[in-house]
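Asker: Chains as they are written, first to last, in the numbering used here: chain D, 1 to 153; chain L, 1001 to 1339.
No residue lacks a Cβ here, since even glycine has one placed at the ideal position from N, Cα and C.
Since we're looking at a predicted model, the values are computed, not measured.
Got a structure here, written out as C-alpha cells. Questions coming.
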Amino acid sequence: MTQKNPIKPDEYRRLVARMTPHSRHLRGCLRAFWVGGAICTLGQALGALGERLELSEATAPMFTSVVLIFLGTLLTGLGVYDRIGKYAGAGSIVPITGFANSVCAPAMEFRREGIVLGIGAKLFTIAGPVLVYGITASIAVGVVYWAIRGWLM
Amino acid sequence: MSRLGAQTLAFDVPVAITAQTSIVGPKEGKGPLRAWFDVILEDDLLGQKSWELAESEMVCRAVERTLDAAGLAPERTQAMLSGDLNGQIIASSFAARALGIPFLGLYGACSTFVQALILGAALVSGGYLDNAVCVSSSHYCTAERQFRFPVEMGNQRPPQASWTTTACGCALLARSGGAGEPRIASGTIGRVIDLEIKDANHMGAAMAPAVCACIAAHFEDTGRSAADYDLIATGDLGWIGRNILMELFHRADVQMPDEKLVDCGASIFFQEQDSHAGGSGCGCVASVSCGWLIKRIRSGELKRVLVAGSGAMLSPVSCQQGQSIPGISYAVCIEGGAV
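Set out below in C-alpha cells:
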C-alpha cells in the first residue's frame, strides 16, 4: 500500500453506511399494504364465487388457490409480475401469487438448460427453502400439538 | 519499455489504438451517451438461442467491426485478449472460436477491459505482437441468472445495487499508428484490496478502495497528479461508489478536483432509467472507453485520460459462504495528439 492513511475496515464500513442512501421503508410498506391487500381481496372474492358455484367447503379454498396460482404464473409469463414485484415488494411476494412467480420465473429462465437439468433441477431454487422449512415447521408444530392435545381438550 | 515505481509499466515504444468499436443494448442506447456508441442493438438476444450465445455474438460483431475499420483480416490479427463475467468466460472463448484469432482469456471482473489494454500494450510495445485486439463484454441477462435471480422474478433491489450493462467494447492495438492516433502510454497494475464489504449489492463500496489505491499508485509511480490529466474515468463504481471514492481520495491526501473524475457506470444511464446506483459489468468501462473516451481523444478534445477499471472479485459461491468482496483496479493512461 502506498497510501498515507490507510482506512481500517471498521471505519470504512461506517463511512459506507453513512454515504449509502436507504430504501424508502414507509413508501415500501404502503405499497406492499395496498397491493398485498388487493391480492387478498381478490382471493376473498374468488372464495365467495366458489360458494356461489356451490363448491364444497373442501374444494372452495382449493379453487381460490388454483385461480391465484394460475394468475401469478400467467402474469410472470407475460412479463408483468416482475414489474408488480418491483413496485410492491413483499406485497406481491408473500401471497400465493408470489410463490407461483418464484416457481415460474426459474422455469422460464433455465428452460434452455433442458427439461431435466434446467427446469427440473432449477424449478425450486427459490421456492425450495420455503417448502423445506415450511413443511419441517408444520411437522414440528404437529408433533407438539399431538403431545399436548390431551391438555387442550 | 520500462518500469516506473512499484506498479507501473511505461510503454516507451508507443502503442496506438488504431480502431475501436462500442456496442450497447437497448437500455444503454437510451442513456446519456447514446450518440457516442457505434451500434445500439434493437434486440438484445441478437437472434441467438440463449443469452450466453447472444453475448458471444456481440463480442464477435465488435471484433469484426473493429478489424473492418482498420482494414485488418482476422487471419492477420495476432492476438485477441478478452474476458467477460460468465463462468469460465464462455462469451469470449466462444467468440474466439468463431473468429479463429489466437486467444488469451482474461478475468478481472468488470476491470477486464483495462487489464486487456495493459497486457495487450505490453505485448505490442515489447515487440512480441504487431497487433492485438482487446475486448470485453457483459450482458444483463447472463449476469442476472448467474449472480442474482431469474429475470422474471418479482423482487426489489436496494438503492446501492448496480445494473449490469448489455455492452461490449473492442480496441485494436498496433505498433505503428498514424499521427495523432490515441496511444497507450502507461498502465498501472493494481493490488487486490478488501475492506470487508460483504454486501454483494454494494459493489461500488467493495471496489472504491482498490480504485483509490491504484490511482494513488499511478500518481506516485509517474510523479503526476490529477492536474496532468484532462479526465480521470473510473470503471463502474456508480453514483454512490464515486462519492465514496472522492471521500477516500480526500482521506488519502490525493488531490482530485470533482469535475475531473467521471465514472463510466454513473455516466451510461440517466438516474431516471431505474438503474439504481448506475451501470456495471465488463462491458460498461469497455463500451464507454471505446465510445465516449477514445473518440474524444481521437478528435483532440481530450489530450490525456486515465481510465481506471474496477472489478469486484466475488463469485456466487464466495458470497454464499459469507466471504467479503475483494476489489481490483487497473489504470491505463491514454494520450492523444503529437507523439
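1) Given this structure, state the Cα-to-Cα distance separating GLU113 (chain D) from GLU1247 (chain L), to the nearest angstrom.
2) On the DSSP letters alone, give me the boundaries of the beta strand (DSSP E) that LEU1004 (chain L) sits inside.
3) For SER1329 (chain L), does the three-state DSSP call read helix, strand or coil?
4) Specify the secondary structure class of MET19 (chain D) as computed by DSSP and reduced to three states.
5) Report the residues of the stretch 81-96 of chain D with a CB closer than 7 angstroms to any CB of chain L, ordered along the chain.
6) Tell me the rounded alpha-carbon separation between ALA1179 (chain L) and VAL1013 (chain L).
7) Using the beta-carbon of each residue, which ones in chain L are nearer than 7 angstroms to GLY98 (chain D)?
8) If VAL1332 (chain L) sits next to LEU1117 (chain L), beta carbons under 8 angstroms apart, how far is it from one beta carbon to the other, in whole angstroms?
9) Looking at chain D, is there any beta carbon in it that lies within less than 7 angstroms of the beta carbon of ASN1131 (chain L)?
10) Closest Cβ-Cβ distance between MET19 (chain D) and chain L: below 7 angstroms?
11) THR2 (chain D) to ALA1210 (chain L), Cα distance in whole Å?
12) Find the residues of chain D that neighbour LYS1049 (chain L), judging by a C-beta separation of less than 9 angstroms, and give them in chain order.
13) Could you spell out the range, first to last residue, of the alpha helix (DSSP H) harbouring ASP1221 (chain L)?
14) Using beta-carbon positions only, say whether ALA1171 (chain L) and CYS1134 (chain L) come within less than 7 angstroms of one another.
15) With DSSP collapsed to three states, give me the class of GLU1042 (chain L).
16) To the nearest angstrom, how far is the alpha carbon of TYR1229 (chain L) from that of ILE93 (chain D)?
17) Consider the Cβ of GLU57 (chain D): report whether some Cβ of chain L lies at a distance smaller than 7 angstroms.
18) Closer than 6 angstroms by C-beta to TRP1163 (chain L): which residues in its own chain qualify, once you throw out the five before and the five after it? Chain order, please.
19) Within the 7 angstroms Cβ cut-off, does PRO129 (chain D) reach chain L?
20) Exposed or buried, what is GLU1055 (chain L) when buried is set at 16 or more other beta-carbons lying within 10 Å of its beta-carbon?
21) Can you find at least 3 beta carbon pairs, one from the stretch 1253-1268 of chain L and one from the stretch 1059-1078 of chain L, that sit closer than 8 angstroms?
22) Is any beta-carbon of chain D found at less than 7 angstroms from that of ASN1086 (chain L)?
23) Relative to the alpha-carbon of ALA1091 (chain L), which residue among L:ASN1131, L:LEU1053, L:ALA1208 and L:GLY1322 has its alpha-carbon at the smallest distance?
Answerer: Considering the structure as presented:
1) 45 angstroms
2) 1002-1004
3) strand
4) helix
5) TYR81, ASP82, ILE84, GLY85, LYS86, GLY89, SER92 and ILE93
6) 14 angstroms
7) GLY1154
8) 5 angstroms
9) no
10) yes
11) At THR2 (chain D), the pLDDT of 49 sits below 50, so the modelled position is not reliable; the number obtained from the coordinates is stated separately. About 12 angstroms.
12) ARG112
13) 1203-1222
14) yes
15) coil
16) 49 angstroms
17) no
18) SER1275 and GLY1279
19) no
20) buried
21) no
22) no
23) L:LEU1053
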